[in-house]
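A short worksheet on the structure shown next.
Numbering (this note's numbering), first residue to last: 2 to 541.
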């Protein structure tokens, strides 16, 4: 057993004094490691290799070395970013890295906002939180704008926290790769994120839990349509000399390590339970609100989603890896007799939500069939989110109709309007404000869930992400938006005033911010072709 420990978040001007709090009154909750300069000690790198790459081209520069004190070499520098390559740990016994199986890439923001390793922990955030949110979280190793790695004094840098504002790049982005998919209609191979944890108290007889909200995205770069996903928690253990993964239930530690959708676990913000849900059911696993969302329901968005004013994504439920949900056990919240907290070691999707995503595209798209859009760089900065103005349906450029009775109507972009965009003057950056790029956000799903960690589970645990491959019929669905595909890059004016069909420009394949995705060189090597990308845009 480990004696009670005290830690300090030393890189932030915000003091994060450690104390056990939130969903239990005791002090012996497990603490995810938040040591080192920005809490990067949380992410165990035993199955991870971190590359420094050119932010413009994705070209490899070097491998990062992460030191015991959390520093790393080489230093991040202008025009660089990082990619954490996540491998199947059971294939890494060989000294030859070419025999290892890469399952995913975890990508981050460019210098000076982004920093290796890509995942950090915050414990006991004292900032202003949404009333129901835990004060502990797993999130990206990003900084707030204007306060990042370019500040020489580390104490002036302001890393993102659980309480950081909307669109402050809190979500870390896991791109699932081809090795994760198997036969159509089946669960795929797992991606394992290993997280370090330490006991907070020597007395482990009473189980008290520290809840962590997980800010992440999972993105489909598998080359297959997906019908959903699973997330499980557990550990790698040694059994008769063989290393195997076992879920929390299989290890009988599910009462002190489990995963939750926040049902009935809301608080008043002062750590007092009030029986509300932390997340709305339609926000448990969704695509971008800017593409699918109702502005009237949001304090952050002023316009309805481009494709639909209804949310799009998946319905999600809690489950148990060994059978029925009740197999994992449960407890009743004191004073809330109708609120049962299940010790689930699994969450899983139960089907797609009804939305225009399903109507237009079918099952969860992969990178080879992502549609193209016409974007507007409204601030002359390709490093920020740009505005999607129109999308290519295979025949025409379509924009949201001025009047949308069902929230899904589109109008054809006229040649006159298209040419006005194509002829717009370049900004001070030298970039043209309108351009064609892939709409990567149709690949990117934002799950919301809570991890609860107690003492006595060991020195680490695993967050396991498993894609579910759509069936053969879904894989064969038509993709009309891929017909007559416009070239990516700056717009070229059209001469036929009757149509904008095929309107687009030449230039290199780029994405929504004009950069090449570090994920894509690997896809090239697999013969998947060259695809445009949008740089990591973590949301709240």
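The beta-carbon is built from N, C-alpha and C at its ideal position, and this holds for glycine as well. As the structure is a computational prediction, the values presented were derived from the model and not from experiment.
Open item on the list: Between 303, 334, 322, 285, which has its C-alpha nearest residue 312's C-alpha?
Closed with: 285
Task: C-alpha distance - residue 159 paired with residue 143, whole-angstrom precision - done: 9 Å
TODO: State the DSSP-derived secondary structure class of residue 411, mapped to helix, strand or coil.
DONE: strand
Task: Alpha-carbon spacing of residue 179 relative to residue 172, whole angstroms - done: 22 Å
Task: alpha helix (DSSP H) segment containing residue 357, residue limits - done: 357-362
Open item on the list: So, for residue 66: in the same chain, excluding its five sequence neighbours on each side, which residues have a beta-carbon less than 6 Å away from its beta-carbon?
Closed with: 74
- [ ] Decide if the region 176-196 is in contact with the region 477-495; the criterion is three or more beta carbon pairs, one per stretch, under 8 Å apart.
- [x] no
- [ ] Taking 8 Å as the cut-off, decide whether the C-beta atoms of residue 43 and residue 196 are in contact.
- [x] yes
- [ ] Output the distance between the C-alpha atoms of residue 134 and residue 264, rounded to the nearest integer angstrom.
- [x] 12 Å
Task: Where the alpha helix (DSSP H) containing residue 423 begins and where it ends - done: 416-423
- [ ] Put residue 475 into one of helix, strand or coil per three-state DSSP.
- [x] Helix, per DSSP.
- [ ] Report the residue from 434, 348, 242 whose alpha carbon sits nearest the alpha carbon of residue 452.
- [x] 348
Task: Coil, strand or helix - residue 371 by DSSP - done: coil
TODO: Apply the 10 Å Cβ neighbour rule to residue 375 and answer buried if 16 or more other Cβ atoms are within range, or exposed otherwise.
DONE: buried
TODO: Assign residue 153 to buried or exposed, taking buried as 16 or more other Cβ atoms, counted over all protein chains shown, within 10 Å of its Cβ.
DONE: exposed
Open item on the list: Using DSSP's beta-bridge definition, name the partner residues of residue 108.
Closed with: Residue 108 is bridged to 84, 174.
Task: Residue range of the unbroken beta strand (DSSP E) whose run includes residue 469 - done: 461-470
- [ ] Figure out for me which residue from 389, 89, 411 has the closest Cα to the Cα of residue 399.
- [x] Taking only the C-alpha atoms, the option nearest residue 399 is 411.
Task: Residue span of the beta strand (DSSP E) that contains residue 52, given as start and end - done: 49-55
TODO: Give me the Cα-Cα distance between residue 448 and residue 322, rounded to the nearest whole angstrom.
DONE: Pairing residue 448 with residue 322, the inter-Cα distance amounts to about 19 Å.
- [ ] Counting only the same chain and skipping the five closest in sequence on each side, list residues whose C-beta sits under 8 Å from that of residue 137.
- [x] Its chain contains 23, 33, 122, 123, 124, 125, 126, 163, 211, 212, 213, 214 as the residues whose beta carbon lies nearer than 8 Å to that of residue 137, once the 5 sequence neighbours on both sides are disregarded; these appear in chain order.
Task: Inter-residue spacing [alpha-carbon to alpha-carbon] between residue 429 and residue 495 - done: 25 Å
Task: Beta bridge counterpart(s) of residue 192 as assigned by DSSP - done: 466
TODO: Measure the Cβ-Cβ separation of residue 170 and residue 110 and say whether it is below 8 Å.
DONE: yes
Task: Element boundaries [beta strand (DSSP E), containing residue 435] - done: It spans 435-439 - the beta strand (DSSP E) in which residue 435 sits, taken as one unbroken run.
Task: Cut-off 7 Å between Cβ atoms - residues of its own chain near residue 378, not counting five sequence neighbours on either side - done: 387, 432, 434
Open item on the list: If the criterion is Cβ atoms closer than 8 Å, does the pair residue 194 and residue 455 meet it?
Closed with: no
Open item on the list: Could you compute how far the alpha carbon of residue 401 sits from the alpha carbon of residue 408?
Closed with: 9 Å
Open item on the list: Tell me which residue opens and which closes the beta strand (DSSP E) that residue 483 is part of.
Closed with: Looking at the DSSP string, residue 483 is not in any beta strand (DSSP E), and its letter there is neither H nor E.
Open item on the list: Is the beta carbon of residue 278 closer than 8 Å to that of residue 167?
Closed with: In this structure, residue 167 lies away from residue 278, with their beta-carbon atoms at least 8 Å apart.
Open item on the list: I'd like to check one pair, residue 459 with residue 226: are the Cβ atoms closer than 8 Å?
Closed with: No, they are not a contact pair.
- [ ] Within 10 angstroms of the Cβ of residue 240, are there 16 or more other Cβ atoms? Answer buried if so, exposed if not.
- [x] exposed
- [ ] Any chance you could list the beta strand (DSSP E) runs of at least 3 consecutive residues sitting entirely within the region 123-150, in chain order?
- [x] 138-140
Task: Bounding residues of the beta strand (DSSP E) (the contiguous stretch that carries residue 454) - done: From DSSP, the beta strand (DSSP E) with residue 454 extends over 445-454.
Open item on the list: Out of 146, 404, 282, which one is the CA nearest neighbour of residue 1?
Closed with: Past the boundaries of the shown model lies residue 1; the chain is included only from 2 to 541, so the question cannot be answered.
TODO: Please name the residue in 107, 108, 106, 89 whose C-alpha comes closest to that of residue 100.
DONE: 89
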